[in-house]
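Report on one structure; see the data block that follows.
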Amino acid sequence: MDTKWNSTGPDEGLEQLVAGEVREALKGVEDAPGVAKVRVSGKTCGRLRAAAGLAALVLGVSLVLGSLGQMAGRLASGVDSGSFGSGWWSTDWQETPAFRQEVAQRLRAFLAMATGSDLEWWDTASGDTYIVSREGESFYEWGVTDTSSEIAWVEENTATAAPDKHYAADKNLLYQVLGPERELLYSNVPAGAEISSSQNLPEGYNFLLVFRHGRILLRKDGEPVDVYGDGFFTEDSLWDVPGYENFTAGEDAADVTVYMAVREEPVPYLQLNSGGQTRFYDDFYGLYQHIREMQGFYLLRAVLCAVGAVCLIAAHFLRAERRRAEKKLAALTRRVPGEIWWLAAALAVLSMVFSTGFGGYSPFEFWYYGWVGPTMTDALRLAALLPANAPALLALVWALWLRHITRKNTEREQRRSLLGGLKNAFLARDLKLPVQKRLRRRSLVRNLALWAIMLTAVLCCVPVYEMLWNSSLTVICVFVPAFALIGVLEIFWIRRDWTLVRDIGLLADQVTAIRDGDLETPLDLPADADLHQTAEQLNDIQAGLHRALAEQTRSERMKVELISNVSHDLKTPLTSVLSYAELLRQEPLEGAAADYARIIDEKARRLAVMVQDVFEVSKAASGQLPVHLERLDFAKLLRQTLADLEGPISQSGLTFRMELPEIPVMITADGRRLYRVFQNLIDNALKYALAGSRVYLSLKTEVGRAEASLRNTSREELPTGVDLTARFVRGDASRTDGGSGLGLSIASSFTEACGGDFHVETLADLFTAVVSFPLAEEP
């Protein structure tokens, strides 16, 4: 009996059965009601990631730049200038620098009221804060003044007003001011209340200051507070009050006693004045609110910066998908002309300059009223005021960013521009004019535009000054825009001039390239270039030369191939002719028959040499000549060639003069091919040199090259303007001496195939052939 399931083992069959049951169970669950089915395709997931990456970038940059910009603007405005220092971030407002400064100022105000002086010793020791009293009210300013005259003015004009009129109504501060005789001068302590000790403070008050005998005692929540530290007053001291060893109370205030109690949590209150009900301006409640608001402001911005940083990190990890989203966004924004983004950016900058900041004034007002100086620090402070307007800052950033991604993801031809459209329309008409007229017209427009702008600026100076009554502002409002416009126009014109200079250079380089033989690379200039038409004409000339050269090269190649093929085809019958001529000469022929056989053999052998020469020249011209390069002694090769030709030389009647160095002259060449070169040159001299003349063969080395030259006097007059190295060209055109006209052509081709240079020089009847090679490097 077969116990296998579906021809599988017991274990495999069991696994299949269990897997099938599980699939059925899962299928039932999927089909059950109430089970949500969420299927997200890969394409949809990619879109979500792209949108998330773009949203993370926008949110991150907005949060970081907006928060940092607002913090920089608030710090530069100075609204929190007295709030920073040790403990400024404390949750207990009585531990902050602003609270300590306010208490010190209140103490000084009470001492000034008790002594009737401006406490010049305080200014000398600790700073330049002074107190002004008018109409029964004391407040604080900065600088140097005569408070006694202010007090006299108060006594003269408001004799019935008490100096502590507004302090008396303070619901967050209780005080008592005692004179030298312990007499009560000023107080707002309710009847039955006591503030002389921290144990007796009214409910809600936890801070007590006692000024007695020129020193201060502080208690907070019943515990003493260290005021003087090491006893010396410095810029880092927490409390700006007398009592230090180097900051003592003056004699006029040494006997005055002051008690001040401050509420733990200030409460708001209203005070009546001649204008109706209003909140007291410089009270502790306002300070308390300011501290809480300041701390909340910086805390919130720090949190927003952190959230923005997290978003930027997420945008970094999703940068590939985000770039795809940017491309899609650019497909929408490319319809917006580029000038719109610049206009939005300019409006954002103007909003940042003229909008009211944290101090109640705009950056323009800070500059206009002279609240910032000409130093670099003041310039940086003025610049830090600009980003306080976070919406304008973000509008500037995102306008420039949208322009950037639009240009980045849009082809140049697809970008829209209002000015570009006007420029193209103008250039379309301008390009129809000749180049000379076009350049003259452009120069005239340039000069007229500059003069028109400057004249307009000068004419606008007077009406603008009458409107602003400020010469510096007039210069800025009139000449800065004028020079900015001139700068923009100059940049445009300079770019056009540089483009023209570049095109002229490219045109000159193209002419040089054509002269040097580059007939394949055309000059491509933009359609709106001034020299575009000239470049197209030069390209037509280049193309014509290229076609002519290609046709000539093709013709030469076909000629070489034809000669090579004919030479190859002639070898077989010519070999037969030579064989039969040799057989004829071996026969016992007599008379004219023997002469005929001899002539046939000589002419056949000459024809074989000519066919071989033509074949080798063809291979050299087509670059198919095999060469075996090796190091060889140039001088030794020349001596060997002369030795091998000693017989023909001695029979020629010519005198050979050799000037060959004794030391080896090493070059790299094919010895067999180079031997053939000098064999042809010496044979040429033997055939065509003047009878009884001398032939000079020399070898010299100079500037890293070895140069061999052979000179002889020609028997016949040498023609002028003829290339003697060309194939089938001879010095004498009669061709009665059996020469083929290929000797010099072979010498030139073989020399160049070995990597050397070959040239012929003629002067009257003096013939000179020069062969040169680079010296071989030492192994």
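Residue 231 in this note's numbering sits at position 245 of the sequence shown, and the numbers go up by one each step. Idealized CB from N, CA, C, for every residue including glycine.
- The three-state reading of DSSP puts H518 in helix, counting H, G and I together.
- With a cut-off of 8 angstroms on Cβ pairs, the segment 340 to 354 is in contact with the segment 374 to 385, counting three or more such pairs.
- In terms of CA proximity to L379, L333 leads the group L333, A655 and G633.
- Pairing L531 with A311 gives a Cβ-Cβ distance that is not under 8 angstroms.
- Counting the other CB atoms within 10 Å of its CB gives V552 a total below 16, which places it among the exposed residues.
- Around the beta carbon of R427, a 10 Å sphere encloses fewer than 16 other beta carbons of the protein chains shown; the residue is thus reported as exposed.
- Below 8 angstroms, too few C-beta pairs join the segment 242 to 257 and the segment 214 to 233 to call them touching: fewer than three.
- Following the DSSP letters along the chain, one finds I653 inside the beta strand (DSSP E) bounded by residues M652 to A655.
- Annotated three-state conformation of T507 is coil, per DSSP.
- Judged by beta-carbon spacing, C291 lies beyond the 8 angstroms limit of L93, meaning their Cβ atoms are not closer than that value.
- A buried status is given to H152, since no fewer than 16 other beta-carbon atoms sit within 10 Å of its beta-carbon.
- Apart from the 5 residues on each side of it in sequence, L676 sits with its Cβ closer than 6 angstroms to the Cβ of T699 and R701 in its chain, given in chain order.
- Less than 8 angstroms separates the beta-carbon of F620 from that of A692.
- E602 is not a Cβ neighbour of L593, given a cutoff of 8 angstroms.
- Taking 4 residues as the shortest admissible run, the segment 378 to 447 contains the following complete alpha helix (DSSP H) segments, listed from N- to C-terminal end: 404 to 416.
- A Cβ-Cβ distance of about 31 angstroms is found for the pair G657 and L704, leaving them out of contact under the 8 angstroms criterion.
- With contacts defined as CB atoms closer than 8 angstroms, W327 and L388 qualify as a contacting pair.
- Here the C-alpha atom of L667 lies approximately 23 angstroms from the C-alpha atom of K589.
- DSSP lists V163 as the bridge partner or partners of Y172.
- For P210, the enclosing beta strand (DSSP E) covers residues E209 to V211.
- Contact between the segment 174 to 190 and the segment 157 to 166 is established, with three or more Cβ pairs separated by less than 8 angstroms.
- Between W75 and P83, the CB-CB gap reaches or exceeds 8 angstroms.
- One Cα belongs to E221, the other to E279, and the distance between them is close to 26 angstroms.
- One thing to note: E476 has its Cβ no nearer than 8 angstroms to the Cβ of L273.
- Bounds of the alpha helix (DSSP H) holding V296 are F270 to F303.
- Of all alpha-carbon atoms in S53, V600, T754 and P323, the one lying nearest the alpha-carbon of G294 is that of S53.
- For S758, the enclosing beta strand (DSSP E) has its first and last residue at L752 to P760.
- Looking at the DSSP output, H745 bridges to V756.
- CA-to-CA, the gap between L548 and E537 works out to about 16 angstroms.
- In the displayed model, D619 falls within a strand according to three-state DSSP.
- Taking C-beta atoms under 8 angstroms as the contact rule, L517 and L535 fail to qualify, at a distance of about 25 angstroms.
- In the DSSP annotation of this structure, the continuous segment of the alpha helix (DSSP H) that includes E351 starts and ends at P349 to Y354.
- Short of 8 angstroms from the beta carbon of A316, and not among the five residues preceding or following it, lie these beta carbons of its own chain, in chain order: I391, T392, K394, N395 and T396.
- Separation of P176 and M99 (C-alpha to C-alpha, rounded to the nearest whole angstrom) is 20 angstroms.
- Note on S562: under 16 other CB atoms within 10 angstroms of its CB, so exposed under the neighbour-count rule.
- In the three-state DSSP reduction, F233 falls in the strand class (E or B).
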